[in-house]
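Enquirer: I have a structure I would like to understand better, so I am pasting it below and will then ask my questions one at a time.
Residue numbers (my numbering): 37 to 675.
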């Protein structure tokens, strides 16, 4: 839940900043370390609920100030009779960089009525607004585990401050603040005293809320199925028996799940509904940080909360990237879904999908809604779910749903729990989400044949048709006027440059007057596209790290080069390659291992079967035009 503190509370906290001084060490701005690190835990209360020094250091600092009255800390929108004091206030504390923050407490305790938990973090030398994060009303249905807040995601923070309203006597027992790094260890470092204050003090008041940034990667929803290849070496995409395309989904190995943390015993149930969630946090993360955030949420759910695995089945970032959450969610058979821990008492038979970010006060990028629709439609189609029917779940009675009401096939976490998840914006757009899923589930009309050598039913027919519809290829026109594609032909590097350039939307670019390559003269075929490729670092030239002096325009594009170019064109997504290769012929030492394993993790390439249950990628083979069409089509939602 995202709530800005009101002027009164903000001004009260501003008093603290005038009292807590000092000249601490500068915040470390070096690149994020990828070495595993323990989770930093600040103990805020003890086993009996007594506050620790770190929990009250902020209150003690402002106590001598006569103007720092309890009324100065009122939450926004409350009346005089509803006003509560602060039960805990930490000072601003410098920490090692963390991606996810969260608070937990004894599972036997409930937050006192009216309690609000506010967090703000220091990212890139700037403090975030005060943001509220509440009890996430989640967990396994039949387990006694610690209670906790929604995961508070960041873009890599180096300092934190926490404020909790209420009376100190109402604080729950074993209240802890966990700060989870990019690659978390199961171990924790527990602190009960404040760390040094950061050199950047928080501002005196929060800036006004701003609209969420619009994503440049707007997903294009396409309901045509990927056609299975007839034979190797063209990728034989493994598909559920579904007419709806499986969107690219980064598997657990793709985002670097430490499977030693997975202590949950998998159980499955017939899929009946989808439950939509969001996290808490600043919404300031980059696309390359998303996998780190998922690892942080995994550590929080599996270890800190004691669930043994991540609670959500799938997570969607603000760029449209989809991550497999709960183990087995990606490979589950058509009609079932692993039982998650995302909506207490409503886990069995539901699929939990969480938008990464907080959409209480800001709008979710449209790509999140489009991607939610694609994932839900894919699983609903495979399960044969009729969205016009009720889910079988009944509302327990919440602020948003009366008790006893039959719930639809797609509903929100707030419909079944005391939470505002998934935020007002996404909640208001659920009718549009349901309509988008319905549209995707409609049978796709048979497209008119464009290329004489790619008839309906041919391998990758829909992918090649899509390539034409997007204007990425026009094919070749023969003497009789027949248009052909050449699906089994290989592709030259100059032609591939043109395909990548068009796939990325023909970005505005002025070609240089002097060619960066010794074998490419200004004015040559595809000169603009090739030099754009070099300027973007997709095909590095002689002046770039790892670059080459020649481009070799007429040489054939190999499958390993295709993986490299596509990965770089999509912004170098910061993929963490798995320890075990998904392909029998691509060792982890291969120069393009990260990019090739990313192709597999996102579902862009499944490889060709070896006949023994393993698959090969054939990295050095020239790529065929039909495989290129499939790769670009599958990568389209990631643009």
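Backbone N, C-alpha and C fix where the C-beta goes; we use that ideal spot for every residue, glycine too.
The structure presented is a predicted model; accordingly, all values stated were derived computationally and were not measured.
With C-beta atoms as the reference, is residue 633 less than 8 Å away from residue 613?
Expert: The answer is yes: Cβ separation under 8 Å.
Enquirer: Rounded to whole angstroms, what is the Cα-Cα separation between residue 483 and residue 501?
Expert: 8 Å
Enquirer: With a cut-off of 8 Å on the beta carbons, I'd call residue 312 and residue 449 a contact; round off their distance for me.
Expert: 7 Å
Enquirer: In the region 286 to 320, which residue ranges form an unbroken beta strand (DSSP E) of at least 3 residues, counting only runs that do not cross its ends?
Expert: 304 to 306, 309 to 314
Enquirer: Given that a residue counts as buried once 16 or more other Cβ atoms are within 10 Å of its Cβ, and exposed if not, what is residue 326?
Expert: buried
Enquirer: Name the DSSP beta bridge partners of residue 153, please?
Expert: The secondary-structure analysis by DSSP pairs residue 153 across a beta bridge with 200.
Enquirer: What is the DSSP secondary structure of residue 554, counted as helix, strand or coil?
Expert: coil
Enquirer: Let me know the alpha helix (DSSP H) ranges lying completely inside the region 566 to 638, each 4 residues or longer, listed in chain order.
Expert: 595 to 605, 629 to 637
Enquirer: In whole angstroms, give me the CA-to-CA distance for residue 252 and residue 674.
Expert: A caution first: residue 252 carries a pLDDT of 27, below 50, which makes its placement in the model unreliable, though a value can still be read off. Approximately 10 Å, taken between the alpha carbons.
Enquirer: Tell me which residues share the same chain as residue 85 and place their Cβ nearer than 6 Å to its Cβ, disregarding the 5 neighbours each side in the sequence.
Expert: 207, 209
Enquirer: What does residue 386 pair with, by DSSP beta-bridge criteria?
Expert: According to DSSP, residue 386 shares a beta bridge with 309.
Enquirer: Quick one: residues in its chain with C-beta nearer than 6 Å to the C-beta of residue 145, no 5 flanking neighbours on either side, listed in chain order?
Expert: 208, 209
Enquirer: Taking the alpha-carbon positions, what's the residue 407 to residue 557 distance?
Expert: 42 Å
Enquirer: The alpha helix (DSSP H) spanning residue 373 covers which residue range?
Expert: Annotation for residue 373: no alpha helix (DSSP H) segment contains it, though the beta strand (DSSP E) segment containing it runs 372 to 374.
Enquirer: Going by DSSP, what residue range makes up the alpha helix (DSSP H) through residue 496?
Expert: Careful: residue 496 lies outside any alpha helix (DSSP H) and carries neither H nor E.
Enquirer: Here's the rule: buried if 16 or more other CB atoms are within 10 angstroms of the residue's CB, otherwise exposed. What is residue 391?
Expert: By the neighbour-count rule (16 or more Cβ atoms within 10 Å), residue 391 is buried.
Enquirer: For the alpha helix (DSSP H) containing residue 340, list its first residue and its last residue.
Expert: Neither: residue 340 is in no alpha helix (DSSP H) and is coded neither H nor E.
Enquirer: If you run the structure through DSSP and keep just helix, strand and coil, what is residue 672?
Expert: helix
Enquirer: Do residue 169 and residue 185 have their C-beta atoms within less than 8 Å of each other?
Expert: Yes, the pair counts as a contact, with Cβ atoms nearer than the cut-off.
Enquirer: On the DSSP bridge assignment, give the partners of residue 140 in chain order.
Expert: 184, 212
Enquirer: Can you tell me whether residue 533 is buried or exposed, with buried defined as 16 or more other CB within 10 angstroms of its CB?
Expert: Counting C-beta atoms within 10 angstroms of its own C-beta, residue 533 has 16 or more neighbours from the protein chains shown and is therefore classed as buried.
Enquirer: Quick one: grab the DSSP three-state call for residue 446.
Expert: Note: residue 446 maps to strand in three-state DSSP.
Enquirer: Taking the straight line between their C-alpha atoms, what separation do you get for residue 275 and residue 77?
Expert: At residue 275, the pLDDT of 35 sits below 50, so the modelled position is not reliable; the number obtained from the coordinates is stated separately. If I take the Cα positions, the gap works out to 43 Å.
Enquirer: When we look at the beta-carbon of residue 118 and count the other beta-carbons within 10 Å, is it buried (16 or more) or exposed?
Expert: Its pLDDT being 36, under 50, residue 118 is placed unreliably by the model, and nothing is read from it.
Enquirer: Among 217, 417, 171, whose alpha-carbon lies nearest the alpha-carbon of residue 200?
Expert: In this structure, 171 is the residue among 217, 417, 171 with its C-alpha nearest to the C-alpha of residue 200.
Enquirer: Under the rule that 16 or more other beta-carbon atoms within 10 Å means buried, what is residue 646, buried or exposed?
Expert: exposed
Enquirer: Going by C-alpha distance, which of 565, 527, 555, 564 is nearest residue 597?
Expert: 527
Enquirer: For residue 466, name the three-state secondary structure that DSSP assigns.
Expert: Reduced to three states, the DSSP call for residue 466 is helix.
Enquirer: Bridge partners for residue 122 per DSSP, in chain order?
Expert: 201
Enquirer: Are three or more beta carbon pairs between the region 213 to 222 and the region 360 to 379 nearer than 8 Å?
Expert: no
Enquirer: Assuming residue 530 is part of the alpha helix (DSSP H), what are its boundary residues?
Expert: 529 to 539
Enquirer: What would DSSP say about residue 407, mapped onto helix, strand or coil?
Expert: helix
Enquirer: Run through DSSP, which three-state label would residue 416 get?
Expert: DSSP places residue 416 in helix when its eight states are reduced to three.
Enquirer: Between 143, 148, 356, which lies nearest to residue 672 when the distance is taken from Cα to Cα?
Expert: 356
Enquirer: Quick check on the burial criterion: 16 or more other C-beta atoms within 10 angstroms. Buried or exposed for residue 205?
Expert: exposed
Enquirer: In whole angstroms, what is the alpha-carbon distance linking residue 664 and residue 137?
Expert: 41 Å
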